[in-house]
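Chains as they are written, first to last, in the numbering used here: chain A, 1 to 252; chain B, 1001 to 1264. Even for Gly, the Cβ is constructed at its ideal location relative to N, Cα and C. None of these values were measured; they are calculated from a predicted model.
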Amino acid sequence: MNPSEGNLIEVRGLRQTFGGQEILRGVDLDIPRGKTLVLLGQSGGGKSVFLRHLIGLLKPIAGSIRVEGEEIAGLDERELEPVRRKIGMLFQDGALFDSMTVFENVSFPLRERGLRDEKEICRKVREALELVALSGQESKMPANLSGGMRKRAALARVIISEPSCILYDEPTAGLDPIVSDTINRLIRRLQSHLHVTSIVVTHDMISTNHIADRVALLRSGRIHFEGSLGELHGSPDPVIRDFIEGRSHEID
Amino acid sequence: MKFPYSFPLTRAFSLYMGQASLLAWEAFTSILAGRIRWRLVLRQVVEIGFGSQAVVIVTGIFTGAVFTAQIFFQFNALNMSTAVGPVVSVALFRELGPVLTGLMVAGRVGAAMSAEIGTMKVTEQIDALRALAVNPIDYLVVPRAVAMMISMPLLVGECIFFALSASYFVATRILNVNSVFFLHHMESYTHGKDMVMALTKGFVFAVIVAIVGCQQGLSTRNGAVGVGRSTTDAVVISSLTILMVNFFLTMALNIVFPAGQARY
Ligand SMILES: Nc1ncnc2c1ncn2[C@@H]1O[C@H](COP(=O)(O)OP(=O)(O)OP(=O)(O)O)[C@@H](O)[C@H]1O
Ligand SMILES: [Mg+2]
């Protein structure tokens, strides 16, 4: 199959509740292969929860999640490993291993995949850190990094194993505009050069305009809108207008 | 949902037992499948085993010393002071050595395990492991459990060795028990089976401390407060479990290795 055809992930009727509170009430969404989909939605709306389902970190109470046609909703931890090797995830708070240096964190996926050649590992780590504008920070502990640096180190840990799909949970939140732009360009470049499929959760409209092929809006536990950037900007829907005009945080 | 709330304690207990057994089972199958990361095991052996020596040695020395003194005060009145050696030695091998080592290690190592894993849990590092296709049981639980199974019998042995040395010193140098009789009686009443019993208990307690510590860590919620709570719980639960399991082990092992009978 052509790498830019069809859907990599298909989600149907995904439902999730926490303590009686319905967070996802039947999400239907297709993630086109080789494209970048930006997922918008209000804070606390369940975007991070949604991303977690795509690699089986959470089990849905109903619905189906197909990755390359394979149903993953019922798989156990070990059966999910091949899926997780294909799909990388950048956590909202980075989730770096705090007992390891930046170098050890970023090289971790390589070692886990059996790479032993120290020179090769060094080269790849340096390359990955350069891509996220973090050169020279190899020996620092995560506790001694700023929030934005932590997030970028975490991104380096994701991209180093060259997954074919990356889930970004707010990759540019808390970054200055220039580093944000570096990250946006990186996401774009991974998509155009390596045909990486991306799902980017963000509140940042500048970033959305820069990277999105498709845009989806999660609202009240369902996909409220799904379409191209042009369709998003042309929409008369007041909910969507709020987002574009940066008034999303007044909703809640 | 009526039933569970009418018996909250029963429910909590069975839930806990279920989770702990499940974790033990998963760790066990993982070990059987050969998914042991020896590098991590080694690091844990250094951390748990090597690092616990001071605590265990001090415990051994003073337990041996005080126990010897007390037994001597009682036995000397009956003119049986040379029987102090065998009593101390058998008690140390069969009960005090393994139990005290188990309790000390539960306090030191069980707490550390649950704090470390609990912190990883609440800061999403466990999820990060899973997202990187690394099984947290293989990566965190198995190395700790295996390292405990290796270290604990050795620590028990170390505790007993220092306890017996202290006992010998206190008995012969301070309480003036004849050292030849002391050693001779101690030797003739202490059997290989007593040592096997000590090591078996050490091994079982190792499993208890590791599984309880890891289970508490993995089920941690609610941030820093949650980490504190699961750490305390890990120590309390593993200590109490050791004491209870010890009784049943004593009864069971006594069938296999009956106590008593001197060998001359
Ligand atoms: N493990 C959990 N247990 C209980 N509730 C949870 C859990 N994870 C998320 N929630 C709840 O689900 C809701 C959605 O959370 P989520 O983190 O997905 O929001 P979000 O859309 O990512 O928000 P933000 O943009 O602020 O990151 C929140 O109300 C949150 O409290
Ligand atoms: Mg979120």
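Please confirm whether any heavy atom of ligand 1 lies closer than 7 angstroms to the CB of residue i.
i: G41/A; result: yes
i: F18/A; result: yes
i: G44/A; result: yes
For residue i, go through chain B and note every residue whose CB falls closer than 8 angstroms to its CB, in chain order.
i: L57/A; result: D1127, R1130, A1131
Is residue i near ligand 2, judged by its Cβ being under 7 angstroms from some heavy atom?
i: M21/A; result: It should be noted that the sequence gives Gln, not Met, for residue 21/A. Q21/A: no, Cβ never under 7 angstroms from ligand 2.
Counting only C-beta atoms, is residue i closer than 8 angstroms to chain B at any point?
i: E112/A; result: yes
i: D76/A; result: no
i: A95/A; result: yes
i: G20/A; result: no
Residues of chain B with CB under 7 angstroms from residue i, in chain order?
i: P109/A; result: L1132
i: M89/A; result: A1131
i: R265/A; result: Summary: the structure shown does not reach residue 265/A, with chain A confined to residues 1 through 252, and so no result is reported for it.
Quick one: which chain A residues come within Cβ less than 8 angstroms of residue i?
i: N1135/B; result: E77, R78, E81
Got a sec? Which residues, its chain only, sit under 7 angstroms from residue i by beta carbon, not counting five neighbours each side?
i: P1098/B; result: V1156, A1198, K1201, G1202, F1205
i: Q1019/B; result: Q1215, S1219
i: V1055/B; result: M1104, R1108
i: T1063/B; result: L1096, L1100, A1163
i: V179/A; result: A133, G148
i: L110/A; result: I121, K124, I160, S161
i: P60/A; result: L14, R15, Q16, H53, A73
i: D28/A; result: V11, R12, G13, I223
How would you list, in chain order, the residues of chain B whose beta-carbon sits under 9 angstroms from the beta-carbon of residue i?
i: D98/A; result: T1119, M1120, T1123, Q1125
Residues in the same chain with beta-carbon distance under 6 angstroms from residue i, minus the five sequence neighbours each way, listed in chain order, please.
i: G94/A; result: R150, K151, A154
i: F1067/B; result: V1088
i: I1126/B; result: M1120, P1136
i: L145/A; result: none
i: E226/A; result: A216
i: K1193/B; result: F1257
i: S1239/B; result: L1103, A1106
i: L175/A; result: G148
i: A1065/B; result: A1166, V1170
i: M100/A; result: none
Excluding the 5 residues flanking residue i on each side, which residues of the same chain have their C-beta closer than 8 angstroms to its C-beta?
i: I1160/B; result: G1060, L1092, F1093, G1097, A1198
i: V196/A; result: G34, P163, S164, C165, I166, L190
i: D1138/B; result: S1030, R1035, R1037
i: T1241/B; result: I1208, V1212
Does any CB atom of chain A fall closer than 8 angstroms to the CB of residue i?
i: K1002/B; result: At K1002/B, the pLDDT of 48 sits below 50, so the modelled position is not reliable; the number obtained from the coordinates is stated separately. It does not; no Cβ of chain A falls within 8 angstroms.
i: V1245/B; result: no
i: L1015/B; result: no
Using a Cβ cut-off of 8 angstroms (strictly closer), state whether residue i contacts chain D.
i: R1130/B; result: Judged by its chain identifiers, the structure shown contains no chain D, and its protein chains are A and B.
Check: Whose CB is closer than 7 angstroms to a heavy atom of ligand 2? List the residues in chain order.
Finding: K47/A, S48/A, Q92/A, D169/A, E170/A, V201/A
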